[in-house]
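To start, the structure itself, in structure tokens.
Protein chains: 2
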Amino acid sequence: MIKLFQYNWMVRDEWFERCKQVPIEELLRNRMGGTGSILYTLFHILDVEYSWIRGIQGEPDIQFQYENYKTLEQVKQLSDSWNKETKSFLDNWSDDLDSEKITVSWMEGHYAKGEIVRHLIAHEIHHMGQLSIWAREIGIQPVSANVIDRGLFK
Amino acid sequence: MIKLFQYNWMVRDEWFERCKQVPIEELLRNRMGGTGSILYTLFHILDVEYSWIRGIQGEPDIQFQYENYKTLEQVKQLSDSWNKETKSFLDNWSDDLDSEKITVSWMEGHYAKGEIVRHLIAHEIHHMGQLSIWAREIGIQPVSANVIDRGLFK
Numbered sequence: 470m471i472k473l474f475q476y477n478w479m480v481r482d483e484w485f486e487r488c489k490q491v492p493i494e495e496l497l498r499n500r501m502g503g504t505g506s507i508l509y510t511l512f513h514i515l516d517v518e519y520s521w522i523r524g525i526q527g528e529p530d531i532q533f534q535y536e537n538y539k540t541l542e543q544v545k546q547l548s549d550s551w552n553k554e555t556k557s558f559l560d561n562w563s564d565d566l567d568s569e570k571i572t573v574s575w576m577e578g579h580y581a582k583g584e585i586v587r588h589l590i591a592h593e594i595h596h597m598g599q600l601s602i603w604a605r606e607i608g609i610q611p612v613s614a615n616v617i618d619r620g621l622f623k
Numbered sequence: 470m471i472k473l474f475q476y477n478w479m480v481r482d483e484w485f486e487r488c489k490q491v492p493i494e495e496l497l498r499n500r501m502g503g504t505g506s507i508l509y510t511l512f513h514i515l516d517v518e519y520s521w522i523r524g525i526q527g528e529p530d531i532q533f534q535y536e537n538y539k540t541l542e543q544v545k546q547l548s549d550s551w552n553k554e555t556k557s558f559l560d561n562w563s564d565d566l567d568s569e570k571i572t573v574s575w576m577e578g579h580y581a582k583g584e585i586v587r588h589l590i591a592h593e594i595h596h597m598g599q600l601s602i603w604a605r606e607i608g609i610q611p612v613s614a615n616v617i618d619r620g621l622f623k
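Line by line, the protein sequences give chains A and B.
According to the working numbering, the stretch in the first sequence is residues 470 to 623, in order.
According to the working numbering, the stretch in the second sequence is residues 470 to 623, in order.
Here is the structure:
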């Protein structure tokens, strides 16, 4: 499972790099579908990952307001700072945790930890697919979505 | 790993169902980014999955021409018919296979089997993310990308 998180983080960092060439007004511009903008997509991916990774560990949710992170650099800094906590949790992941159930404050019901980690993997890839369409619309080449050829299995 | 394939197949079938309400000319229409159209995206996902699942088993690649599958029903039939072979392979998947290397006819280099199955998972989710943008453009609600609440961990 960790390999797909590693993949997501590589792709995410490449998108941060790629977006440096995009004017901030294009990153903020309202677009059809998805979360509505390129920058908010990046923020939303982080926010959802961090909330669930805290939730899975029984930590209370922390609310972060997008209004306070309206530059690419600020969103990238959030990504870097939260990543350490997420990595440290996933480094200790084992398949025995798959079926353990938890509850979180922002949703009803019980969720298996294995369900949540897979949800996070798919959530990020899904939104990156959306970015790839918007990238073409503004004339930049999307980041490759390939898992192969990234050196993840060397 | 199998859970994320099961997720992908559920989402894929929901897209086939959702696309029934879309006129064929909209499914075939050239669009910006991605594979260029909704129907070709669905065909491409199947084609890539089947090629790699055959390749991973040492079976020769079979060429399928998109020109022969230009209706939603035909692409759905392909999906159903190939799915049995893919499921049967994945039912016998074990993590021991992760690091086994293979070669395929259409690419240079050696690929780990674990790299390929993860590539297929991410490949489909990525393209479904693209469909979700195009769906909004033509006024239909995208299929949910949630892994949670699908009963995969009951």
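Even glycine gets a Cβ: it sits at the ideal position worked out from N, Cα and C.
So residue i is in the alpha helix (DSSP H); what residue range does that whole segment cover?
i	result
residue 514 of chain A	507–525
residue 562 of chain B	Careful: residue 562 of chain B lies outside any alpha helix (DSSP H) and carries neither H nor E.
residue 621 of chain B	That residue, residue 621 of chain B, is in no alpha helix (DSSP H); it is neither H nor E in DSSP.
residue 482 of chain A	471–488
residue 607 of chain B	Segment: none, residue 607 of chain B is in no alpha helix (DSSP H) and carries neither H nor E.
residue 493 of chain B	493–497
Measuring only between beta-carbons, confirm whether residue i sits less than 8 Å from chain A.
i	result
residue 580 of chain B	yes
residue 531 of chain B	no
residue 622 of chain B	yes
residue 471 of chain B	no
residue 481 of chain B	no
residue 594 of chain B	yes
According to DSSP, what are the bridge partners of residue i?
i	result
residue 573 of chain B	B:576
residue 581 of chain A	A:570
Please decide whether residue i counts as near chain B, where near means a Cβ-Cβ distance under 8 Å.
i	result
residue 474 of chain A	no
residue 584 of chain A	yes
residue 487 of chain A	no
residue 568 of chain A	yes
residue 617 of chain A	yes
residue 525 of chain A	no
Out of the options, which one is the CA nearest neighbour of residue i?
i	options	result
residue 610 of chain B	A:501, A:590, A:495 and A:491	A:501
residue 530 of chain B	B:516, B:495 and B:542	B:516
residue 542 of chain A	A:508, A:472, A:527 and A:553	A:508
residue 596 of chain A	B:478, B:615, B:483 and B:512	B:615
residue 533 of chain A	A:504, A:566 and A:512	A:512
residue 619 of chain A	B:547, B:578, B:612 and B:600	B:578
residue 494 of chain A	A:586, A:524, A:539 and A:568	A:539
residue 581 of chain B	A:521, A:510, A:544 and A:617	A:617
residue 524 of chain B	B:601, B:585, B:546 and B:561	B:585
residue 604 of chain A	A:470, A:623 and A:485	A:485
residue 559 of chain A	A:572, A:574, A:587 and A:545	A:587
residue 607 of chain A	A:470, A:590, A:521 and A:506	A:506
residue 638 of chain B	B:475, B:473, B:570 and B:489	Outside the displayed span of chain B (470 to 623) sits residue 638 of chain B, for which this structure offers no information.
residue 554 of chain A	A:572, A:565, A:518 and A:563	A:518
residue 561 of chain B	B:591, B:537, B:547 and B:526	B:526
residue 593 of chain B	B:481, B:472 and B:499	B:481
residue 572 of chain A	A:520, A:623 and A:483	A:520
residue 478 of chain B	B:496, B:504, B:547 and B:503	B:547
Interface residues of the region 596–615 of chain A facing chain B [CB-CB below 9 Å]: Answer in chain order: 596, 597, 598, 599, 600, 601, 602, 603, 604, 605, 606, 611, 614 and 615.
The region 490–523 of chain A: positions lying closer than 9 Å to chain B by Cβ: Here the close residues are 500, 501, 502 and 503.
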